[in-house]
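Heads up, the thing below is written out as structure tokens.
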Amino acid sequence: MDQPTFAQAHRALEADETSCEELVSSFLDRIDEKDDELNAFTTVDRDGALNHARYLDSQRERGNPRPLSGLVLAVKDNI
Numbered sequence: 078m079d080q081p082t083f084a085q086a087h088r089a090l091e092a093d094e095t096s097c098e099e100l101v102s103s104f105l106d107r108i109d110e111k112d113d114e115l116n117a118f119t120t121v122d123r124d125g126a127l128n129h130a131r132y133l134d135s136q137r138e139r140g141n142p143r144p145l146s147g148l149v150l151a152v153k154d155n156i
């Protein structure tokens with residue numbers, strides 16, 4: 078999946094067309110691809126993000142989806 082909007086990602090998750098892990102991996106790959114040029118991220122916790130995405134997928138499989146599960150958000154480090 079190309080970089081989806083929140084609405085597109087939410088619909089894809091609801092329709093089981095993707096997973097939290099797939100969405101997070103997609104964004105992490107994009108960061109790897111572009112950040113040398115952009116220098117936008119000081120820290121990227123790839124392992125932590127993927128582990129949490131897997132946890133969220135397991136919750137979804139158990140019927141306990143969270144409303145924002147799998148929706149990727151970057152936070153500026155000065156906040």
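In this text, residue positions in the sequence shown follow this note's numbering: the first is 78, and each later residue adds one. All C-beta atoms, glycine included, are put in the ideal place defined by N, C-alpha and C.
Cβ neighbour criterion (16 or more within 10 Å) applied to residue i
| i | result |
| --- | --- |
| S96 | buried |
| L145 | exposed |
Residue i versus residue j - alpha carbon distance
| i | j | result |
| --- | --- | --- |
| E98 | A130 | 5 Å |
| G125 | Y132 | 11 Å |
| E114 | R143 | 34 Å |
| E91 | Q80 | 17 Å |
| E110 | L127 | 17 Å |
Candidates the options: closest to residue i by CA position
| i | options | result |
| --- | --- | --- |
| N155 | D124, T120, P144 and A89 | T120 |
| K153 | N116, E110 and R123 | N116 |
| R137 | F83, A84 and D93 | D93 |
Residue range of the unbroken alpha helix (DSSP H) whose run includes residue i
| i | result |
| --- | --- |
| D109 | C97 to L115 |
For residue j and residue i, believed in contact at Cβ under 8 Å, the rounded distance
| i | j | result |
| --- | --- | --- |
| D112 | F118 | 5 Å |
| L148 | A86 | 6 Å |
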